[in-house]
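Heads up, the thing below is written out as C-alpha cells.
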Amino acid sequence: MRVSLNWLKELVDIKLSPEDLGRILTIAGFELEEMIDLRNNADGVVVGKVIQRDKHPNADKLSVCKVDVGADEPLSIVCGAPNVRADIFVPVATVGTFLPAINLKLKPTKLRGEPSAGMICSLTELGLEKESDGIYIFEIDNLQPGEDVRPLLGLNDVILDLATTANRADALSMVGVAREVAALTGAEIKLPEVKEQDIATDSSLTIDIQDPAACLAYIGTVIKGVKVAPSPDWLKWRLEAAGTRPINNVVDITNYILLEWGQPLHAFDREKLQQVAGSNDLTIGVRFAQEKEKLKTLDEQERNLTTQNLLITANDQPVALGGVMGGEETEVSDETTNIVLEAALFDPVAIRRSSRAQSMRSEASTRYERGVNQVELESACTRAIALLQDLAGGTPVAQAVSDHRVDTASLDAIELRLSRIHQILGAVNKKDGIGYIEAEEVESILGALGCNLESVAAKENTWLVKVPPYRYRDLEREIDLIEEVARLYGYDRFCDTLPDKTEPGYLSAEYTIKNKLRTALRGVGLTEVVQYSLVKPTGKEVSLDNPLFAEYSALRTDLFSGLLDAFAHNQSQGNGALNAFEIERVFWQEEDAFKERDSVAGIMGGNITSEGMWVNGGKGTPMTWYHAKGVLENAFNNLGISVEYRQDSEETRLHPGRTASLWLHGRPLGVFGQIHPQLAQKLDLANEVYLFELDFSLLLTALDRDTITTPKFKTYSTYPGSARDLAFFAPLDLSVNAIEKVMSKAGGKLLQRVELFDEYKGKNVPEGQRSLAFNLLYQASDRTLTDKDVDPVHQKVRDTLVKKFDVTLRS
Numbered sequence: 001m002r003v004s005l006n007w008l009k010e011l012v013d014i015k016l017s018p019e020d021l022g023r024i025l026t027i028a029g030f031e032l033e034e035m036i037d038l039r040n041n042a043d044g045v046v047v048g049k050v051i052q053r054d055k056h057p058n059a060d061k062l063s064v065c066k067v068d069v070g071a072d073e074p075l076s077i078v079c080g081a082p083n084v085r086a087d088i089f090v091p092v093a094t095v096g097t098f099l100p101a102i103n104l105k106l107k108p109t110k111l112r113g114e115p116s117a118g119m120i121c122s123l124t125e126l127g128l129e130k131e132s133d134g135i136y137i138f139e140i141d142n143l144q145p146g147e148d149v150r151p152l153l154g155l156n157d158v159i160l161d162l163a164t165t166a167n168r169a170d171a172l173s174m175v176g177v178a179r180e181v182a183a184l185t186g187a188e189i190k191l192p193e194v195k196e197q198d199i200a201t202d203s204s205l206t207i208d209i210q211d212p213a214a215c216l217a218y219i220g221t222v223i224k225g226v227k228v229a230p231s232p233d234w235l236k237w238r239l240e241a242a243g244t245r246p247i248n249n250v251v252d253i254t255n256y257i258l259l260e261w262g263q264p265l266h267a268f269d270r271e272k273l274q275q276v277a278g279s280n281d282l283t284i285g286v287r288f289a290q291e292k293e294k295l296k297t298l299d300e301q302e303r304n305l306t307t308q309n310l311l312i313t314a315n316d317q318p319v320a321l322g323g324v325m326g327g328e329e330t331e332v333s334d335e336t337t338n339i340v341l342e343a344a345l346f347d348p349v350a351i352r353r354s355s356r357a358q359s360m361r362s363e364a365s366t367r368y369e370r371g372v373n374q375v376e377l378e379s380a381c382t383r384a385i386a387l388l389q390d391l392a393g394g395t396p397v398a399q400a401v402s403d404h405r406v407d408t409a410s411l412d413a414i415e416l417r418l419s420r421i422h423q424i425l426g427a428v429n430k431k432d433g434i435g436y437i438e439a440e441e442v443e444s445i446l447g448a449l450g451c452n453l454e455s456v457a458a459k460e461n462t463w464l465v466k467v468p469p470y471r472y473r474d475l476e477r478e479i480d481l482i483e484e485v486a487r488l489y490g491y492d493r494f495c496d497t498l499p500d501k502t503e504p505g506y507l508s509a510e511y512t513i514k515n516k517l518r519t520a521l522r523g524v525g526l527t528e529v530v531q532y533s534l535v536k537p538t539g540k541e542v543s544l545d546n547p548l549f550a551e552y553s554a555l556r557t558d559l560f561s562g563l564l565d566a567f568a569h570n571q572s573q574g575n576g577a578l579n580a581f582e583i584e585r586v587f588w589q590e591e592d593a594f595k596e597r598d599s600v601a602g603i604m605g606g607n608i609t610s611e612g613m614w615v616n617g618g619k620g621t622p623m624t625w626y627h628a629k630g631v632l633e634n635a636f637n638n639l640g641i642s643v644e645y646r647q648d649s650e651e652t653r654l655h656p657g658r659t660a661s662l663w664l665h666g667r668p669l670g671v672f673g674q675i676h677p678q679l680a681q682k683l684d685l686a687n688e689v690y691l692f693e694l695d696f697s698l699l700l701t702a703l704d705r706d707t708i709t710t711p712k713f714k715t716y717s718t719y720p721g722s723a724r725d726l727a728f729f730a731p732l733d734l735s736v737n738a739i740e741k742v743m744s745k746a747g748g749k750l751l752q753r754v755e756l757f758d759e760y761k762g763k764n765v766p767e768g769q770r771s772l773a774f775n776l777l778y779q780a781s782d783r784t785l786t787d788k789d790v791d792p793v794h795q796k797v798r799d800t801l802v803k804k805f806d807v808t809l810r811s
C-alpha cells in the first residue's frame, strides 16, 4: 500500500517526520519497504514567467526565451518545446539543479551558439509523466516568479510504501492506515466528510441477487448529466502517488474511493447497459456464470467463463466479473452522460475462486479477497456520489439496494484476561524499571483501536471486548487481542530474557530413524529425491476441493509413479539411469475416511559396468534382478534387519515372474521387483529397471528396538570356517527363499551362511526344473571344525532337501 503523507495528514494530525513514522509503523507490523521523497524530483525548480520568446537564429525548432525567475535579471533559456510562448508561467530548473527523473544536473551551456542558463521543464523531466508533448504551463495566472513549484505540482509529498499482512484488509485504505497511525501516536483522526444524500427509488432500476452468500449487499445508483473530462490536478496527483494511472474524472473517483475507504466501486455507462439488456428498464443481477458463457473485460481479453466466476448482469446478460473487473462493452467513455454506480460487498472466498479461475487479479479483487468493511459501504458510496456531483456535474436520480448483511452488533464479545496477557507477553521495560502491562494500558490501547471494553464484575481484570466492524475478521479470539496489545505497546519494549530453564534440542525417534534409513540407502549408491505430493488426477487419487492448478489437483497414492517419471526424464536427457529413493507421504481413501502414511520407495537400473570398456565388446552390463536385490539386501544389512522374500504377482506395474513381496517379522513390509515389460515399453525404458516400496511405519517399529538403536558387541569367531558347495535340480516353482530357510534350519548353529552363486536353465536340465548351486559356510566360535564335524551336518542338509522338496542332488 503506497501512502501519501500529505493525504494522510488530512486524515490524522501527524507531527512526526516521515522517517520516524515509518519506524513506528514497521515496529507495529506494517513494514516500510520503501520511502519515496517526491520533493527531490524538483528541488531547485521554481516558477518562471516567459516574458519574451524569439526564434533561434541557427535552428528552426528552437526558441530563445527570456524568463523571469525572481532574480535581478531574466534568464536566457533555449527551449525546444513547440508550446512555449510569451506571458505564460512555467517550471524552470535553474543552474545547479539536479533532476533525478532524467539524471541531469543543469549547467550553463550554449545551444547552437546561444547561451542557455537553465531549462523550462515538462512533467516528464519532473517525474510526473512518462511522456510529455511539451513543457508544462501553469493554468494559474497570479503566480510569483521564483516561488517553489513543488506545492503547485504535488511534489511536496513523501510516499510510504507499506507491506501489509493478509489479515489486515483495513490497511489497504487511507482511512485504515489513518486509524492505525492515530492508535499508535494518540493523534485525533478526521474521517472524510460524508454528505447525506436523499435519493429516490425508481422502478426502472432493480437489483436481483441469486446467491446472497456470494453477494452480501449491492447498491446501484443512477447518476445523470455526467460530464466526462480529465480530473483536477489534486486528484491526479493522489492517484499517481498511490501508483494508479489517472483516466478520467468518473473512473478516477471510483479509484479514489477504493484508495480512501478500501471499498471497490464500478461505474457503468447506463445507455450501454440498456443496449446490452435490450430494455430501458434495468435489472442488475448477481449470479454465477454458466458453462460456455463469455465476457470481454476492460483489459480487452475475451474470457471463457467457468461456473466459479461471479457475474454482474444486466437483464441476465453478463456485463462484468463481480469484484474483479468490469466489461468492455459497458465501460465509461468520453461520450458517457449517464452512469450506474455500483457499490457492493462480495464474499472473499467467491472472489478468490473467481479471480483464480481467470488467472487475474485487480486492485478490487485484492481487497475483496481479504474482506471489505461491511459497515461503511454506504459511507463510501455516498462519498463517491458527492465527488461525482462536484467534479463531474452529475445528479443522482435513482437508487436500488439489496442488503443481506449480518448485523455486526450481534457478534459475540471476546473475553480478555489480564492474567493471560501477562502469561503470554511477559515483562516489559517501563520508565521506572521492569514491570507488566497494566489494566489501564490495555483499555487505552484497545480503546484507541475502536474496541469497546466492558469489565466483567465477577472476574478481576477481565473484560468483554467488542471489536470495531472493520476489524471483526481478524480479531476473533483472545490471543488476537493480546497480539494487538503487544503491537501497539511496542515490541521493542519487551524484555529480551531467556526462559529460566533451557534444554538442548534433540531429534525425535522417528526423525532419527529416517536419517538412519537415508544413510543406509545412500550408502548403497542411491540418490535421495524429493517430488511434489500433488499430482495430475487419474480418478484413483484423493482430489482437492480447491486446487491451485488443474495439473496438481490430487494427492499421490504411491511413490512409484513419480520415480518412474523422474527415471524416464533423466534417461531422455542423456543423464543415464537415476538410481534413487524417496521417503515421503502417500495418501488414500478408505470409504469416507482419508488416510496418510510415510512410505519409502526406490528405483534402480542401468549398467553395472561402463559402456566403452574393452570387455563385453564395448557394451555395458545391464543390472540383473539379483544385482538389484543385492543393493537392497546391503541396505537392510546396514540397518541390522533381516527381510524375507516371497514370490508375489499382485503389483501390476511389476513383472509377475520377477516380483517378491518383502516380509519383516512375519508382517508385510513392501514389494520389490522388475518393471513390467509393457510399462517399460510405454515409458521407453529398458526392461532392466527395478522398483521397491517399503512401509515406513513397520520399519520404524523394527528399527526402534534397543538391539538396533543400542547395538551390543558380539564376539566373532577367530577360527576359520569350512565351505561346502551344494548343487541340485529343483522345480521352477520352488523359491530360493524357501530352500535357504530349510538349509539354515537343518544346518543348525554350525551353518553360518547360505549363498546362491549360480542358476542355470537350459540344455541338460530336466524340463520344468532349474539347476541351483549354493555355497554353505560352516563355522564354530570355539574350535576349528574338522571333516568329522562338518560332514554329518552337511549330509543332514542334503537329506532334508531331498525329503522336503524332492530335489535331485548333483554334488
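In our numbering, the protein residues as written are 1 to 811.
Don't be surprised by glycine CBs; every beta carbon is placed ideally from N, CA and C.
Exercise. Would you kindly check if the distance between the Cβ of I482 and the Cβ of L425 is under 8 Å?
Key: Contact flag set, yes.
Quiz item: What are the boundary residues of the alpha helix (DSSP H) that H569 is part of?
Solution: Looking at the DSSP string, the run of the alpha helix (DSSP H) that includes H569 is 560-572.
Quiz item: What's the C-alpha gap between L544 and V286?
Solution: In a straight line, the C-alpha of L544 is about 27 Å away from that of V286.
Exercise. Can you check the region 577-637 for any beta strand (DSSP E) of at least 3 residues that lies completely inside it and give the ranges in chain order?
Key: Listed in chain order, the complete beta strand (DSSP E) runs (minimum 3 residues) inside the region 577-637 are 580-590, 593-605.
Quiz prompt | Within the region 363-442, ranges of the beta strand (DSSP E) (whole runs, at least 3 residues) | solution = For the region 363-442, whole beta strand (DSSP E) runs of length 3 or above, ordered along the chain, are 395-403, 414-417, 428-430, 433-435.
Exercise. Measure the C-alpha to C-alpha separation of L683 and G602 and round it to an integer number of angstroms.
Key: Going from the Cα of L683 to the Cα of G602 covers about 17 Å.
Self-check item: Nearest residue (CA-CA) to P224, options I385, V535, T497
Solution: Contrary to the premise, residue 224 reads as Lys rather than Pro in this sequence. Here the closest residue by C-alpha is I385.
Self-check item: Host beta strand (DSSP E) of N58 (start-end)
Solution: Unbroken run through N58: none, as it is neither H nor E.
Quiz item: Which residues does DSSP pair with M119 in a beta bridge?
Solution: Residue pairing for M119: DSSP places it in a beta bridge opposite A93.
Quiz item: Span of the beta strand (DSSP E) holding Q752?
Solution: Per DSSP, the continuous beta strand (DSSP E) segment holding Q752 begins and ends at 751-760.
Self-check item: T109, DSSP secondary structure in three states
Solution: Secondary structure of T109 (DSSP, three-state): strand.
Quiz item: Of the choices T283, K190, R303, whose alpha-carbon is the least far from that of K292?
Solution: Per the Cα distances, R303.
Exercise. Could you spell out the range, first to last residue, of the alpha helix (DSSP H) harbouring V790?
Key: Start and end: 787-805.
Quiz item: Counting only runs that start and end within the region 19-79, where is the beta strand (DSSP E) found for 3 or more residues in a row?
Solution: Listed in chain order, the beta strand (DSSP E) runs fully inside the region 19-79 are 31-37, 45-55, 63-68, 75-79, counting runs of at least 3 residues.
Quiz item: Which term fits M268, buried or exposed, when burial requires 16 or more other beta carbons within 10 angstroms of its beta carbon?
Solution: One point to set straight first is that residue 268 is Phe, not Met, in the sequence displayed. Buried, because 16 or more other Cβ atoms sit within 10 Å of the Cβ of F268.
Quiz item: Any idea if G762 is buried or exposed, counting beta-carbon neighbours within 10 angstroms, 16 or more meaning buried?
Solution: When all chains shown are included, G762 counts as exposed.
Exercise. Can you give me the start and stop residues for the alpha helix (DSSP H) that P151 sits inside?
Key: Segment 150-153, the alpha helix (DSSP H) holding P151.
Quiz prompt | For D252, the first and last residue of its enclosing alpha helix (DSSP H) | solution = Start and end: 249-261.
Exercise. Examine chain B for any beta-carbon lying closer than 8 Å to the beta-carbon of K796, and answer yes or no.
Key: Here there is only one protein chain, and chain B is not present.
Quiz item: For L172, does the three-state DSSP call read helix, strand or coil?
Solution: Of the three classes helix, strand and coil, the one that applies to L172 here is helix, per DSSP.
Quiz item: Enumerated in chain order, which unbroken segments of the beta strand (DSSP E) with a length of 3 residues or greater are wholly contained in the region 432-513?
Solution: The DSSP assignment places complete beta strand (DSSP E) segments of no fewer than 3 residues inside the region 432-513 at 433-435, 452-455, 462-466, in order along the chain.
Practice problem: Taking the CB atoms as reference points, tell me whether H404 and P547 lie closer together than 8 Å. | Solution: Going by beta carbons, H404 and P547 fall outside the 8 Å limit.
Quiz item: How about E139 and L99: do their beta carbons lie closer than 8 Å?
Solution: In this structure, L99 does not lie closer than 8 Å to E139 by Cβ.
Self-check item: Exposure of N142, with buried meaning 16 or more beta-carbon neighbours within 10 Å
Solution: For N142, the number of other beta carbons within 10 angstroms of its own is below 16, and it is reported as exposed.
Exercise. List the endpoints of the continuous alpha helix (DSSP H) containing G747.
Key: Element bounds for G747: 736-747.
Exercise. Give the secondary structure of K872 by DSSP, where H, G and I count as helix, E and B as strand, and everything else as coil.
Key: This structure cannot speak to residue 872, because the chain is shown only from 1 to 811.
Quiz item: Which first and last residues belong to the alpha helix (DSSP H) in which I140 is found?
Solution: Premise fails: I140 is in no alpha helix (DSSP H) and is neither H nor E.
Quiz item: Between the region 735-749 and the region 784-797, do three or more beta carbon pairs fall short of 8 Å?
Solution: A contact is defined here as three or more CB-CB pairs under 8 Å, and the region 735-749 meets this definition with respect to the region 784-797.
Self-check item: Pick from D281, T254, L259 that is closest to D202, judged by C-alpha positions
Solution: Of the residues D281, T254, L259, the one whose Cα lies closest to the Cα of D202 is D281.
Quiz prompt | Residues of its chain near G243, where Cβ-Cβ distance is below 7 Å and the 5 sequence neighbours each way are ignored | solution = Closer than 7 Å at Cβ, skipping near neighbours: R2.
Practice problem: Check the C-beta distance from V45 over to F89 and give it rounded, since I have them as a contact under 8 Å. | Solution: So it is not a contact: roughly 13 Å between Cβ atoms.
Quiz prompt | Beta bridge counterpart(s) of P668 as assigned by DSSP | solution = DSSP output for P668 lists W663 as bridge partner(s).
Quiz item: With respect to the alpha helix (DSSP H) encompassing F696, which residues constitute its N-terminal and C-terminal limits?
Solution: Boundaries of the alpha helix (DSSP H) harbouring F696: 696-703, taken from the DSSP string.
Quiz item: Between the beta-carbon of A400 and the beta-carbon of Q263, is there less than 8 Å?
Solution: No. Outside cutoff.
Quiz item: From R150, Q374, F288, pick the residue whose C-alpha is nearest to that of I209; which is it?
Solution: Ranked by how close their Cα comes to the Cα of I209, the residues R150, Q374, F288 have F288 in first place.
Quiz item: With burial defined as no fewer than 16 other Cβ atoms inside 10 Å of the residue's Cβ, what is the status of I135: buried or exposed?
Solution: Counting every other CB atom within 10 Å of its CB across the protein chains shown gives I135 a total of 16 or more, marking it as buried.
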